[in-house]
Amino acid sequence: SQKIEQNSEALNIQEGKTATLTCNYTNYSPAYLQWYRQDPGRGPVFLLLIRENEKEKRKERLKVTFDTTLKQSLFHITASQPADSATYLCAPSRGSARQLTFGSGTQLTVLP
Amino acid sequence: GAGVSQSPSNKVTEKGKDVELRCDPISGHTALYWYRQRLGQGLEFLIYFQGNSAPDKSGLPSDRFSAERTGESVSTLTIQRTQQEDSAVYLCASSVSGDPSNQPQHFGDGTRLSIL
């Protein structure tokens, strides 16, 4: 069955450093991969979508890579700030999927 | 409204009671989703509505759960004879028409349901 794994442990980093979050998937070949941010008590917020033919995508301080050979996406936040502290969710999906399946998320804390 | 609106934001009820949760999607969004999120866990897909097509109910955990949507507007999720394991945050999301795998989903802040 399809399986999505994100960093199993919470991630703590120092302000100003680059945070790198991992999303690994097995038993399927997604055409798209989405990343969301979720703050406590709030719904997830869409951040980025990357397609299988795109190796990398950037948005401001965010960068996502998508390696279909390794079956992995990396999510980077450069020059991290305490306001970046949140849980980050990945959601790989095939084309024409009728639902998104989300990973369980990685809790990121950026320490001042 | 500007975003997805869910009500109530919190609901506490006794085991065995029925509850109804409401979702107002973003105007013009034809796709609507319900998810369940248990404490400290990921999102669990429940049901998907797309326009006038038959809904995808494959994620509903039991026949105590049902959902309806009126046209391309409001949706309600009903849980009958609630059980303690139903305690969770129920999240609603909407997206524009098309393939949901490549459309960003816009989430509400959820209804936190507590079954005593």
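Chains as they are written, first to last, in my numbering: chain A, 1 to 112; chain B, 113 to 228.
Even glycine gets a Cβ: it sits at the ideal position worked out from N, Cα and C.
Inter-residue Cα distance where the pair is I159(B) and K123(B): 20 Å
Buried or exposed for V201(B), please, with buried defined as at least 16 other CB atoms from any protein chain shown within 10 angstroms of its CB. Here V201(B) is buried: its Cβ has 16 or more other Cβ atoms, across all protein chains shown, within 10 Å.
Beta-carbon separation (whole angstroms), S80(A) vs T18(A), contact threshold 8 Å: 7 Å
So the beta strand (DSSP E) E5(A) belongs to, where does it begin and stop? From DSSP, the beta strand (DSSP E) with E5(A) extends over K3 to Q6.
By how many angstroms is the C-alpha of I138(B) removed from the C-alpha of S185(B)? 8 Å
Is there contact between the region 117-137 of chain B and the region 187-200 of chain B, where contact requires at least three CB pairs shorter than 8 Å? yes
Close beta carbons around S187(B), own chain, < 8 Å, minus the five adjacent residues each side: So the qualifying residues of the chain are R134, C135, P137, L144, W146, F161, A179, E180, R181 and C204.
Short Cβ contact (8 Å threshold) for I50(A) with L70(A): no
For a contact meaning CB atoms closer than 7 Å, what does P173(B) contact in chain A? Neighbours of P173(B) on chain A: none; closest Cβ ~14 Å, over 7 Å.
E56(A) to S29(A) span [Cα, whole Å]: 17 Å
Which bits of chain B does L44(A) rub up against, with CB to CB less than 7 Å? Looking at the sequence provided, one finds Pro at residue 44(A) rather than Leu. Within 7 Å Cβ-Cβ: F219.
If you measure from the beta carbon of Y202(B) to each beta carbon in chain A, is any gap under 8 Å? no
Give me the DSSP bridge partner(s) of Y72(A). Before going further, note that residue 72(A) is Gln rather than Tyr in the sequence given. Answer is N24(A) and D67(A), bridged to Q72(A).
Quick check: what's the CA-CA separation for L47(A) versus G154(B)? 17 Å
Go to L225(B), then tell me how far its beta strand (DSSP E) extends in each direction, as first and last residue. T223 to I227
Taking 8 Å as the threshold (C-beta atoms), are Q2(A) and T106(A) in contact? no
For D221(B), which option in L111(A), L74(A), D84(A) and P44(A) has the closest C-alpha, if you only look at C-alpha atoms? Out of L111(A), L74(A), D84(A) and P44(A), P44(A) has the C-alpha closest to the C-alpha of D221(B).
Just grab the DSSP bridge partners of V110(A) for me. I13(A)
Pull the bridge partners of I191(B) from the DSSP assignment, please. Its beta-bridge partners are V131(B) and F177(B).
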